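Chemist: Protein sequences appear in the order of chains A and B. Each residue of the first sequence is one higher than the one before, counting from 373 in the working numbering. Each residue of the second sequence is one higher than the one before, counting from 15 in the working numbering. Where a beta carbon is used, it is the ideal one built from N, C-alpha and C, also for glycine. As the structure is a prediction and not an experimental result, all values here were calculated from the model. I have a structure here, written as structure tokens, and I will follow up with some questions on it.
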Amino acid sequence: MDGKYRCTSMRTFDSISSDLSAGKTSCEQITQEYLRAVEGGKELNAFLAVFRESALEQAQTVDRRLTAGTAGPLAGTVVAIKDVICVRDEAVTCGSKILQDFRSLYDATVVSRLKQADAVIIGKTNMDEFAMGSSTENSAFGRVKLPLDQSRVPGGSSGGSAVAVAAGMATASLGSDTGGSIRQPAAFTGIVGLKPTYGRVSRYGLVAFASSFDTIGPFALTVKDAARVLHVIAGYDERDSTSAAVPVPEYAGSLDKEVRGVRVGIPREYFEEGLNEEIRAALERKIDLLRAGGVEVKEVSLPYTEYAIATYYILVTAEASSNLARYDGARYGYRARRTGDLLEMYTKSRSEGFGPEVKRRIMLGTYVLSAGYYDAYYRKGQKVRRLIQEDFIRVFQEVDCLVTPTSPTTAFKAGEKVDDPLQMYLSDIYTTSANLAGIPGISIPCGRDRQGLPIGLQILGKHFGEPMILRVADFLETAG
Amino acid sequence: MAMWDQRYEPVIGLEVHAQLLTQSKAFCSCSTKFGQDPNSNVCPVCLGMPGVLPVLNLSLVEFILRMGLATHCSVAPRSTFARKNYFYPDLPKGYQISQYEEPICHGGYVEVELEEGRWKRIGITRIHMEEDAGKSIHDLDVDTLVDVNRCGVPLIEIVSEPDIRSPREAYLYVHKIRQIVTYLGICDGNMEEGSLRCDANVSVRLKGETKFGTKTEVKNMNSFRFVEKALEYEINRQIDLLESGEQVVQETLLWDAGQGIVLPMRSKEEAHDYRYFPEPDLVPVVVTQEWTDRIKETLPEDPTERRNRFVAEYNIPKYDADILTSEKALADYFEAVIRGLKTKSEENCKLASNWTMGDVLRVINTEKIAVSDFPLPPAHLAEMLNLIIGGTISGKIAKDVFEDMLKTRESPKVIVEKKGLVQVSDIAAIETIVDEILAKNRQQVESYLSGKTQVLGFFVGETMKATKGRANPKIVNELLRKKLEGRKE
Chain A
373 MDGKYRCTSM
383 RTFDSISSDL
393 SAGKTSCEQI
403 TQEYLRAVEG
413 GKELNAFLAV
423 FRESALEQAQ
433 TVDRRLTAGT
443 AGPLAGTVVA
453 IKDVICVRDE
463 AVTCGSKILQ
473 DFRSLYDATV
483 VSRLKQADAV
493 IIGKTNMDEF
503 AMGSSTENSA
513 FGRVKLPLDQ
523 SRVPGGSSGG
533 SAVAVAAGMA
543 TASLGSDTGG
553 SIRQPAAFTG
563 IVGLKPTYGR
573 VSRYGLVAFA
583 SSFDTIGPFA
593 LTVKDAARVL
603 HVIAGYDERD
613 STSAAVPVPE
623 YAGSLDKEVR
633 GVRVGIPREY
643 FEEGLNEEIR
653 AALERKIDLL
663 RAGGVEVKEV
673 SLPYTEYAIA
683 TYYILVTAEA
693 SSNLARYDGA
703 RYGYRARRTG
713 DLLEMYTKSR
723 SEGFGPEVKR
733 RIMLGTYVLS
743 AGYYDAYYRK
753 GQKVRRLIQE
763 DFIRVFQEVD
773 CLVTPTSPTT
783 AFKAGEKVDD
793 PLQMYLSDIY
803 TTSANLAGIP
813 GISIPCGRDR
823 QGLPIGLQIL
833 GKHFGEPMIL
843 RVADFLETAG
Chain B
15 MAMWDQRYEP
25 VIGLEVHAQL
35 LTQSKAFCSC
45 STKFGQDPNS
55 NVCPVCLGMP
65 GVLPVLNLSL
75 VEFILRMGLA
85 THCSVAPRST
95 FARKNYFYPD
105 LPKGYQISQY
115 EEPICHGGYV
125 EVELEEGRWK
135 RIGITRIHME
145 EDAGKSIHDL
155 DVDTLVDVNR
165 CGVPLIEIVS
175 EPDIRSPREA
185 YLYVHKIRQI
195 VTYLGICDGN
205 MEEGSLRCDA
215 NVSVRLKGET
225 KFGTKTEVKN
235 MNSFRFVEKA
245 LEYEINRQID
255 LLESGEQVVQ
265 ETLLWDAGQG
275 IVLPMRSKEE
285 AHDYRYFPEP
295 DLVPVVVTQE
305 WTDRIKETLP
315 EDPTERRNRF
325 VAEYNIPKYD
335 ADILTSEKAL
345 ADYFEAVIRG
355 LKTKSEENCK
365 LASNWTMGDV
375 LRVINTEKIA
385 VSDFPLPPAH
395 LAEMLNLIIG
405 GTISGKIAKD
415 VFEDMLKTRE
425 SPKVIVEKKG
435 LVQVSDIAAI
445 ETIVDEILAK
455 NRQQVESYLS
465 GKTQVLGFFV
475 GETMKATKGR
485 ANPKIVNELL
495 RKKLEGRKE
């Protein structure tokens, strides 16, 4: 199975770039190759929309700019966009029936920045409905399949974007990460997935799931490619008040394979029971490589880790219940037919338009915000969130970054956890803390298990510490 | 005299919503202009499209700070927004961005004058920012239609302490709030059009009781009169209930102006749990001391202080000063007229007051226009008053000049010259006319000489007629008397 999706365009930006400058290929040709890969990988169900014409048109424009010497930094890169990010005049379904026929009126900031940098946008990728899920089984448009073993899930919620890159259908892709939705599918599909610091990348045009957790980040085959995309999409945006006016460093430029003297923490709580033994062993091998590279490795503790999942599900569902209120059938999106009064229109449209996981979270969130329960759930959740943030701030006084598993398991079978939401939620046990704290995290491949399924290694950094985690990730990518 | 059982005491707190006059909406750059085609002042943000984010309009903060500082509030150095969640078709996001646990202004007061010299301080609990919802239009055959233009128009909500003890006080309070917001130029203060809206929390208790009774909320009082009437009705209703041994039910009531009664809101509409929580899309509003200081410096004079100054500085009656300072634009107009006067004697200031309160306000009221739309520049009115004061025209002629100025927008000097309205004070000129009239009316001269001195009035009338009213009546009188008396010898 492996080889099937590694035939045509399994290429990094560096190889594309050198071929382009050597005149061996054109952006149009590269785009054609990716479009063929998309066509050939249809059964994976990774794409919800393919922009064949506009992508080729864009590619031709890029070729003219390459000739003229005016091309942007991502010329030659073909990017897939998770269908929760708006592209002007294109559908943005969020994997939901409720937005099935909805077209966006505008480009998300990340999309206009990609276009500005001369990346070609190839299409929109499948996902768990409204980014709620860890397996991309919760899409109204069918599940996404793991290229290596189609009976398995690619992780989620950005499963389509992960598969697009893993199966050579795009050079890079954008996903969104609210509790692990970039890092966990990156781990399951064996590629690089980067969740930036909250505020690093504008959320304008990202359909909100949980506004104080949501981040947009790249998937790529290499750390360097992820760094390049991040460089383009990062930075302050006047349309997003929560975006930070922190300067954007040249992320890819500082990757020098040198980690001597870096202090890496191994948080005890991330290696306790529940972690698959093969994953533990794979990580320990990588940690040894760090030591060999001159890294100072020490065990640290993040005592509030055990509350992360509970806190996460209280707070994200609260925000989601409000963020998803606008899908009521009144103005756009799905409206139930033949309804009597207003209340019936609302309830029927929402009952028919949303899938079960989304409804579950809306109900949970409505409950935790309700009069009489707010203090016990939402307010307490906010307090614990602060404690979790403080955990990290304290630990980052001792170490420069943390190395943990990305997920307690490798890719699981489709259908294995859909009926057990709690089991599904635990799939994010190592990733949600970063969103609670707003810190950056990256998942990189870390070998495979006995079944040949990829294992992910997560590196967490301090706020705006992307250069550090990229540096360590880049080292581990090639070491050993 | 209050119109309810005086053993009882009403306890009233008011929530006043003021629509702000910012150029653009609270969280996007759409225009706030009123009266545009439905759904034309909209963008993805105020339409609540998927993926959009609000960005705070800083003039909204400026405006609310002006209000907070003018009402002696404390300004929170850091305040936050919250979402107020409820479903309604004219609320595109399914929530309103408001402030809840951490409002920007709190703990202020205003003072109202209950009667001559008797002031009462009414506490302001808090003032916070929020965005308006759109408009649902139900009264059409087709269906309910939604106009989103008003969505996101900034509002401030001014919440009073339960310090108000009568509908009259409530009326004065709302009036005061209106005066302040219009003085600050942050709201047009129009209750009928809904730029100023008022809800009341009302309860009654026996005098001397310290605990509050069960309160009701009265909405839909969309004029100053209705505030008084609705509260009076509700107070009596509550007292009647208690007197007949029943209990007041905590509920929301709507004032029905047609019937002059309050009616309970349908329970479905009021059963809201708004599930407030901090708005994650906006960062806290941080107000520095420098910012508040700068705003303080630009605050206009307080209306009450201005009234007192008018009395002291221009020696006009308090009655005049009250009317002239009722609205900032009018007070500004009056002071501009005063500035144009050549001499600012008490008499001249009173003249300016009379004309402003009389003729200027009459036009404004009959034409139903705003003071700012009154067509005569204050400089022109001042120039006309200078002509009266200097004796160039009489007060009577001035009335015609005023009407002419309104019609032609020309300066009074031009009008007076064009129409030849200059008062004739040239003795030689008047003397010629007087001589002619005396020569023409020998019989009347004889009557005068024979002792019927009242004939003098006839001669004055004839002279004025001959000069088309322009002759200086004082000089005419003097000349005639002198000439006639001279013939007696």
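Assuming A/Ser533 contacts A/Ser545 under a Cβ cut-off of 8 angstroms, what Cβ separation, rounded to an integer in Å, is found between them?
Modeler: 4 angstroms
Chemist: Indicate the three-state DSSP secondary structure (helix, strand or coil) for B/Trp133 in the structure shown.
Modeler: strand
Chemist: With distances taken between CB atoms, is the gap from B/Leu83 to B/Lys310 smaller than 9 angstroms?
Modeler: A contact, by the Cβ cut-off of 9 angstroms.
Chemist: Buried or exposed, going by whether 16 or more other CB atoms sit within 10 Å of the CB of A/Ile765?
Modeler: exposed
Chemist: On the premise that A/Val573 lies in contact with A/Ala542, defined as a C-beta separation below 8 angstroms, what is that separation, rounded to the nearest angstrom?
Modeler: Not a contact, Cβ separation roughly 18 angstroms.
Chemist: Considering only the beta carbon of each residue, do B/Leu365 and B/Leu344 sit closer than 9 angstroms?
Modeler: Going by C-beta atoms, B/Leu365 is not nearer than 9 angstroms to B/Leu344.
Chemist: For B/Lys479, which beta-bridge partners are listed by DSSP?
Modeler: BP columns for B/Lys479 are empty, so no partner.
Chemist: Take B/Leu79 and list the residues in its own chain whose beta-carbon comes closer than 8 angstroms to its own, dropping the five residues that flank it on each side.
Modeler: Val89, Ile118, Cys119, Val301, Trp305, Thr306 and Ile309
Chemist: Extract the residue ranges of the beta strand (DSSP E) inside the segment 511-598 of chain A, only unbroken runs of 3 or more that lie entirely within it.
Modeler: Taking only runs of at least 3 residues, the beta strand (DSSP E) segments lying wholly in the segment 511-598 of chain A are 544-549, 564-567 and 587-592.
Chemist: Flag this pair as touching only if the segment 653-664 of chain A and the segment 674-692 of chain A have three or more C-beta atom pairs under 8 angstroms; answer yes or no.
Modeler: no
Chemist: For chain A, is any of its Cβ atoms less than 9 angstroms away from the one on B/Val428?
Modeler: no
Chemist: Can you tell me the Cα-Cα spacing of B/Met15 and B/Thr36, whole angstroms?
Modeler: Model confidence at B/Met15 stands at a pLDDT of 45, short of 50, so the residue's coordinates are unreliable and nothing is read from them.
Chemist: Between the Cα of B/Phe226 and the Cα atoms of B/Cys44, B/Cys363, B/Gly137 and B/Pro176, which residue gives the shortest distance?
Modeler: B/Pro176
Chemist: Are the beta-carbon atoms of B/Leu67 and A/Asp612 separated by less than 9 angstroms?
Modeler: Result yes, Cβ atoms of B/Leu67 and A/Asp612 sit closer than 9 angstroms.
Chemist: Just mark B/Ile441 as buried or exposed, buried being the case when its beta carbon has 16 or more other beta carbons within 10 Å.
Modeler: exposed
Chemist: Have a look at the DSSP bridge pairing and note the partners of B/Asp213.
Modeler: In DSSP, B/Asp213 forms a bridge with B/Glu29.
Chemist: I want to see whether chain B comes within less than 9 angstroms of A/Arg732, judged by CB atoms only; does it?
Modeler: no
Chemist: Using 8 angstroms as the Cβ pair cut-off and three pairs as the minimum, do the segment 491-504 of chain A and the segment 456-472 of chain A touch?
Modeler: Taking one beta carbon from each stretch, the segment 491-504 of chain A and the segment 456-472 of chain A have 3 or more pairs nearer than 8 angstroms; the two touch.
Chemist: Give the residues from the segment 219-240 of chain B that approach chain A closer than 8 angstroms (Cβ to any Cβ), ordered along the chain.
Modeler: none
Chemist: Evaluate contact between the segment 227-244 of chain B and the segment 195-202 of chain B, counting only Cβ atoms and requiring at least three cross-stretch pairs below 8 angstroms.
Modeler: Three or more beta-carbon pairs separated by less than 8 angstroms are not found between the segment 227-244 of chain B and the segment 195-202 of chain B, which leaves the two stretches without contact.
Chemist: Find the nearest neighbour of B/Met81 within the set B/Glu207, B/Val25, B/Ile141 and B/His286, judged by alpha-carbon distance.
Modeler: B/Ile141
Chemist: Using a Cβ cut-off of 9 angstroms (strictly closer), state whether B/Lys149 contacts chain A.
Modeler: No, its Cβ sits nowhere closer than 9 angstroms to a Cβ of chain A.
Chemist: At a CB-CB cut-off below 8 angstroms, which residues of chain A make contact with B/Tyr109?
Modeler: Here the neighbours are Ser694 and Ala697.
Chemist: Interface residues of chain A around B/Gly62 at Cβ under 8 angstroms?
Modeler: Neighbours of B/Gly62 on chain A, chain order: Arg698 and Arg703.
Chemist: Starting from the C-beta of A/Lys596, find all residues in its chain whose C-beta is less than 8 angstroms away, skip the five residues before and the five after it, and write them out in chain order.
Modeler: Thr384, Phe385, Asp386, Ala624, Leu627 and Asp846
Chemist: Give a yes or no on whether the C-beta atoms belonging to A/Leu829 and A/Arg524 are separated by under 9 angstroms.
Modeler: no
Chemist: Measuring alpha carbon to alpha carbon, tell me which of A/Gly637, A/Tyr718 and A/Gly565 ends up nearest A/Ala696.
Modeler: Reading off the sequence, residue 696 of chain A comes out as Leu, not Ala. Considering only alpha carbons, the answer is A/Tyr718.
Chemist: If you check the beta carbons only, do A/Ser779 and A/Phe513 fall under 9 angstroms apart?
Modeler: no
Chemist: Report yes if the CB atom of B/Arg21 is closer than 9 angstroms to the CB atom of B/Leu245, and no otherwise.
Modeler: no
Chemist: Any Cβ of chain A within less than 9 angstroms of the Cβ of B/Gly65?
Modeler: yes
Chemist: Taking C-alpha atoms, which residue in B/Gly108, B/His86 and B/Phe291 lies nearest to B/Glu116?
Modeler: Distances from the alpha-carbon of B/Glu116 to those of B/Gly108, B/His86 and B/Phe291 put B/Phe291 closest.
Chemist: When the distance is taken between beta carbons, is B/Ile330 closer than 9 angstroms to B/Cys363?
Modeler: Yes, these two residues count as a Cβ contact at 9 angstroms.
Chemist: Could you name the residues of the segment 739-756 of chain A whose beta carbon sits closer than 7 angstroms to any beta carbon of chain B, in the order they occur along the chain?
Modeler: Leu741, Ser742, Ala743 and Tyr750
Chemist: Does the distance from the C-beta atom of B/Glu242 to that of B/Pro294 stay below 9 angstroms?
Modeler: no
Chemist: If you check the beta carbons only, do B/Gly405 and B/Ser439 fall under 9 angstroms apart?
Modeler: yes
Chemist: For A/Leu794, which of A/Ala599, A/Gly819 and A/Ser506 has the nearest alpha-carbon?
Modeler: A/Ser506
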